[in-house]
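Protein chains in written order, with our numbering: chain W, 1 to 461; chain H, 462 to 922.
In this text, a Cβ means the ideal position worked out from N, Cα and C, and glycines have one as well.
What follows is the structure, given as structure tokens:
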């Protein structure tokens, strides 16, 4: 029962050939998607093969434990729908549609049942930036979700100089008690609270904190998932295989769901070192894109995104349209690229095919971000930026967030029908986001295995 | 960490001692619950012990496979909250809040992942009454949920004389194609469709259909869950144990969540046979209730509900307030009790403690019905009847259905707080309903085991 190869056969699909008004169509913020235009081939294939796709995912989730939670930034260019970043410490639960928190609660119950059924008490470890009240609201929502799943939650802070439990107020008015983490032997907790598991909502950009290293309680996600260990290039290497398997399953060109990428291991933007490596790899990725654009008759200008390989928070990211630009980076850009969150210097970068976003919400450039817990899509939002172009990173100051809704008021007989329908587009987004979550699951397995091997070697040394 | 025994200690709790106006408080149909009054002790215990309760359920669901789906009729008398009927072929998915269908989709995905991960195609077998357009809408919603979970669904009808695929239109406008079930060897399907599993939404009151007997495909729920095999008294026997375990866990008197019951195996209402048995058991149950009412200082009049032990659709049910009533049943009542769905004669009855319902929606007597799929509460509704009293069965012609919502707009810091809050009451309803679903899980396990033993005996005979 092989599916017909739909996308390549129907030929060119580009911004240039689309009716002009689809970009302005139906731009209500709370719409499920802002687009009702193209992408019909991929969506049609995904919808037609829905039963096979879900069956395939069920098989994958039997082999690989889904991340406890994750969020995936997608870019939808009309001819391509691809993940560009996969976050294992999602910080935007406050931006999800609050009507769908019960979905998060169920998914959290499922994750706990699967990963740590004996857990009653959880220590939630957030980021340290207590002045970001929206981030604190994310922590508050997350706490509520975990409590909804029947867990007792307290918040263990990694703030180095936190002298005592400190109450902070989040942007939504929730009060949170941040308590200093206490370690006794190989267990951590807060005063009077011995949790069965630790849930990280801190991406550990600054390294694995000593107080958490080697503890006997399970840590979710595993400590090695933090950005001091994790690399985007490793994630997208694994994603290559996942995308290939998926593309074979549904009979499409994997490129349609997978951005080309390369990497450089030794750059120093401040000292202008590693420029040749960067230029060569930018040229390699641009050439690959050019070839694909030619194959599909796409008239757009290829571009790449250069990012810190361990970067987060939208820091250390630039758009590059030609090799010349690499050679002529100005001081300001080089400074921006040189250090990222928590002052970490950037020496490794990923050079990723840039995917135009053709989504627009309320006049701002937009990209969908899909949230998952366990194996389930639990919501999402549009990241919208009025000051950014369709070939730029939108995860930067000034971005706004518009919740994505699941459409459920569909009672007409053909509601499963047209690919352009918002609920169907959201289904497709959920499929591609789950491909990235699956890649993250395999990636974390590999990191845990590698870490175990290193520990054995250290023990034998 | 034993919990204090809260309910008995705080003493009498009865309709008589409650402020009069709580019955009229906040009776908006779409409210999560119609009550904001008493039940505070049980709710307080349940909320205080939430982490332990969810931990306990996780353990139970590791031991016992949850029913694919179920619905539980609850009665809330203010001093008691108990299940009175557990349905393994729920027929009211059309009455759930459509906003929460994504919860059903996730739960269905979870059930499929757990029970039959290899399944892609499902044959849905509904009841035969095609003139009940609301029931057909239930089938349509169920089909949509299963499709949402990535299954391909066709509807196999047991209608004996269905000559060919027949399109019917449900009350919501959905069109359904009912197709004659075709059996080839030990597999069933419909023309051109070989499903991996059969999902029953038909309670098999008339017996296990020959066309489904002994098929190799998994049947959900198992064929022995049908009312030709299942008995309410068996369910409530198992529930006795579940309620005791739960009551021990949270430190309450199990009676608070468990109706007293007894049974009679040989009655014939038409011929006035078995009257002595019925009278003796009615007296036994009434005496038990009297004792409990005395213990808690409850001033209400005890009553029992006599029901066909294999009855469904609200048929074969009567309210009995004294033994004299049993001796003086009029012809009309005896006829009503003599036969039930599909003309099945009634010979076995369950005599169950009547639980007053003190819930009232829009001036009608109301009782909550909670829906579950897999281990998850996915929604519910109030069954409301303006023509019935608070000691009568509400599942009868003239009943209306008002969806229960999950409250999610709770953003105040103390939102987990007061027991009377609607979301908290719904949580408590979900806990008690899940106790009944757990009893059903164990009950079906026992039925499957017994059936397997019978088959072995038959094979050896």
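Classify residue 454 of chain W as buried or exposed, calling it buried when 16 or more other Cβ atoms lie within 10 Å of its own Cβ. Residue numbering aside, residue 454 of chain W sits at position 454 when the first chain is read from its first letter. Residue 454 of chain W comes out exposed.
Classify residue 115 of chain W as helix, strand or coil using the three-state DSSP reduction. Residue 115 of chain W sits at position 115 when you count from the first residue of the first chain. Three-state result, residue 115 of chain W: helix.
Could you tell me the distance, in whole angstroms, from the CA atom of residue 316 of chain W to the CA atom of residue 628 of chain H? For this step, residue 316 of chain W is matched to residue 316 along the first chain. For this step, residue 628 of chain H is matched to residue 167 along the second chain. So the alpha carbons of these two residues sit roughly 59 Å apart.
8 Å Cβ cutoff met for residue 45 of chain W and residue 101 of chain W: Numbered from its first residue, the first chain carries residue 45 of chain W at position 45. Numbered from its first residue, the first chain carries residue 101 of chain W at position 101. Not a contact, by the Cβ cut-off of 8 Å.
Going by the beta-carbon positions, is the gap between residue 800 of chain H and residue 807 of chain H smaller than 8 Å? Within the second chain, the letter at position 339 stands for residue 800 of chain H. Within the second chain, the letter at position 346 stands for residue 807 of chain H. Cβ atoms of residue 800 of chain H and residue 807 of chain H: closer than 8 Å.
At 7 Å on the CB atoms, spell out the chain H contacts of residue 251 of chain W, in chain order. As a working mapping, residue 251 of chain W is identified with position 251 in the first chain. At a C-beta separation below 7 Å, residue 251 of chain W has no neighbours in chain H, since its nearest C-beta there lies roughly 17 Å away.
Is the beta carbon of residue 350 of chain W less than 8 Å from the beta carbon of residue 309 of chain W? Position 350 of the first chain, counting from 1, holds the residue named residue 350 of chain W. Position 309 of the first chain, counting from 1, holds the residue named residue 309 of chain W. Their beta carbons are under 8 Å apart, which means residue 350 of chain W touches residue 309 of chain W by this criterion.
Pull out every residue of the region 128 to 155 of chain W whose Cβ sits closer than 7 Å to any Cβ of chain H, in chain order. 147, 149, 150, 151, 152
Own chain residues within Cβ distance below 8 Å of residue 918 of chain H, not counting five before or after: On the second chain, residue 918 of chain H is found 457 positions in, with the first residue counted as 1. Cβ within range, chain order: n/a, list empty.
On the CB-based measure, 16 or more other CB atoms within 10 Å of its CB, does residue 921 of chain H come out buried or exposed? Working through the second chain from its first residue, we reach residue 921 of chain H at position 460. Exposed: under 16 other Cβ atoms inside 10 Å.
Whole angstroms is fine: what's the gap from residue 138 of chain W's alpha carbon to residue 111 of chain W's? Indexing the first chain from 1 puts residue 138 of chain W at position 138. Indexing the first chain from 1 puts residue 111 of chain W at position 111. Whole-angstrom Cα-Cα distance: 19 Å.
8 Å is my cut-off, CB to CB: does residue 823 of chain H come that close to chain W? If you number the second chain from 1, residue 823 of chain H lands on position 362. Residue 823 of chain H does not count as touching chain W.
Rounded to the nearest angstrom, what separates residue 855 of chain H and residue 846 of chain H at their Cα positions? Here residue 855 of chain H refers to the residue found at position 394 when the second chain is read from its first residue. Here residue 846 of chain H refers to the residue found at position 385 when the second chain is read from its first residue. Approximately 6 Å, taken between the alpha carbons.
Of the choices W:193, W:157, W:161, W:195, whose alpha-carbon is the least far from that of residue 204 of chain W? Here residue 204 of chain W refers to the residue found at position 204 of the first chain. That would be W:157, whose Cα lies nearest to the Cα of residue 204 of chain W.
So, do the region 433 to 444 of chain W and the region 65 to 72 of chain W have three or more beta carbon pairs nearer to each other than 8 Å? yes
How would you call residue 772 of chain H, buried or exposed, if buried means at least 16 neighbouring beta carbons within 10 angstroms? Numbered from 1 along the second chain, position 311 holds the residue referred to as residue 772 of chain H. Counting the other CB atoms within 10 Å of its CB gives residue 772 of chain H a total of 16 or more, which places it among the buried residues.
Distance between residue 704 of chain H and residue 903 of chain H (C-alpha atoms, nearest Å): Taking the first residue of the second chain as position 1, residue 903 of chain H is located at position 442. Taking the first residue of the second chain as position 1, residue 704 of chain H is located at position 243. In this structure, the alpha-carbon of residue 903 of chain H lies about 13 Å from that of residue 704 of chain H.
Given this structure, state the Cα-to-Cα distance separating residue 517 of chain H from residue 672 of chain H, to the nearest angstrom. Sequence index remark: in the second chain, residue 517 of chain H carries index 56 (1-based). Sequence index remark: in the second chain, residue 672 of chain H carries index 211 (1-based). The straight-line gap separating the alpha-carbon atoms of residue 517 of chain H and residue 672 of chain H is approximately 40 Å.
Pairwise C-alpha distance: residue 236 of chain W and residue 446 of chain W: What you label residue 446 of chain W is simply residue 446 of the first chain in a count that begins at 1. What you label residue 236 of chain W is simply residue 236 of the first chain in a count that begins at 1. Approximately 13 Å, taken between the alpha carbons.
Which bits of chain W does residue 772 of chain H rub up against, with CB to CB less than 7 Å? Position 311 of the second chain, counted from the first residue, corresponds to residue 772 of chain H. Correct list: empty, because the minimum Cβ distance to chain W is about 32 Å.
Are the beta-carbon atoms of residue 150 of chain W and residue 512 of chain H separated by less than 8 Å? To locate residue 150 of chain W, count along the first chain from 1; it is residue 150. To locate residue 512 of chain H, count along the second chain from 1; it is residue 51. Yes, Cβ-Cβ distance for residue 150 of chain W and residue 512 of chain H is below 8 Å.
Step through the CB atoms of chain W and report whether any lies within less than 8 Å of the CB of residue 571 of chain H. Along the second chain, one-based indexing puts residue 571 of chain H at 110. True, the Cβ-Cβ gap to chain W drops below 8 Å.
List the residues that DSSP assigns as beta-bridge partners of residue 618 of chain H. Taking the second chain and counting its residues from 1, one reaches residue 618 of chain H at position 157. According to DSSP, residue 618 of chain H bridges with H:641.
Whose CA, out of W:344, W:148, W:199, W:86, lies closest to the CA of residue 103 of chain W? Here the question's residue 103 of chain W lines up with position 103 in the first chain. For residue 103 of chain W, the nearest C-alpha among the options comes from W:148.
What is the residue span of the alpha helix (DSSP H) that residue 42 of chain W lies within? The residue you call residue 42 of chain W lines up with position 42 of the first chain. Per DSSP, residue 42 of chain W belongs to the alpha helix (DSSP H) from 40 to 48.
Using C-beta distances below 6 Å, list every residue in its chain close to residue 199 of chain W, excluding the 5 sequence neighbours before and after it, in chain order. Taking the first residue of the first chain as position 1, residue 199 of chain W is located at position 199. Same-chain partners within the cutoff: 122, 124, 220.
From residue 113 of chain W to residue 188 of chain W, what distance separates their C-alpha atoms? Sequence index remark: in the first chain, residue 113 of chain W carries index 113 (1-based). Sequence index remark: in the first chain, residue 188 of chain W carries index 188 (1-based). Cα to Cα, the separation comes out at about 22 Å.
Which residues, in chain order, does the region 502 to 515 of chain H contribute to contact with chain W at a C-beta distance below 9 Å? 511, 512, 513, 514, 515
Where the alpha helix (DSSP H) through residue 244 of chain W begins and ends: Here the question's residue 244 of chain W lines up with position 244 in the first chain. It spans 232 to 250 - the alpha helix (DSSP H) in which residue 244 of chain W sits, taken as one unbroken run.
Any beta carbon of chain W sitting closer than 8 Å to that of residue 862 of chain H? Against the second chain, residue 862 of chain H aligns to sequence position 401. Answer no: the Cβ-Cβ gap between residue 862 of chain H and chain W never drops below 8 Å.
Short check: CB of residue 689 of chain H to CB of residue 667 of chain H, under 8 Å? In the second chain, residue 689 of chain H corresponds to position 228, counting from 1. In the second chain, residue 667 of chain H corresponds to position 206, counting from 1. Yes.
Can you check which of these residues, H:555, H:748, H:686, H:501, is closest to residue 912 of chain H by C-alpha distance? Within the second chain, numbered from 1, the residue matching residue 912 of chain H stands at position 451. Measuring from the Cα of residue 912 of chain H, the nearest candidate turns out to be H:686.
One question on the structure: do residue 662 of chain H and residue 603 of chain H come within less than 8 Å of each other, judged by their Cβ atoms? As a first step, residue 662 of chain H must be located in the second chain, where it is residue number 201. As a first step, residue 603 of chain H must be located in the second chain, where it is residue number 142. Yes, these two residues count as a Cβ contact at 8 Å.
For a contact meaning CB atoms closer than 7 Å, what does residue 530 of chain H contact in chain W? Mapped onto the second chain, residue 530 of chain H falls at position 69. Result: empty, since nearest Cβ-Cβ is about 14 Å, beyond 7 Å.
Does any CB atom of chain W fall closer than 8 Å to the CB of residue 564 of chain H? Taking the second chain and counting its residues from 1, one reaches residue 564 of chain H at position 103. Yes, residue 564 of chain H counts as interfacial toward chain W.
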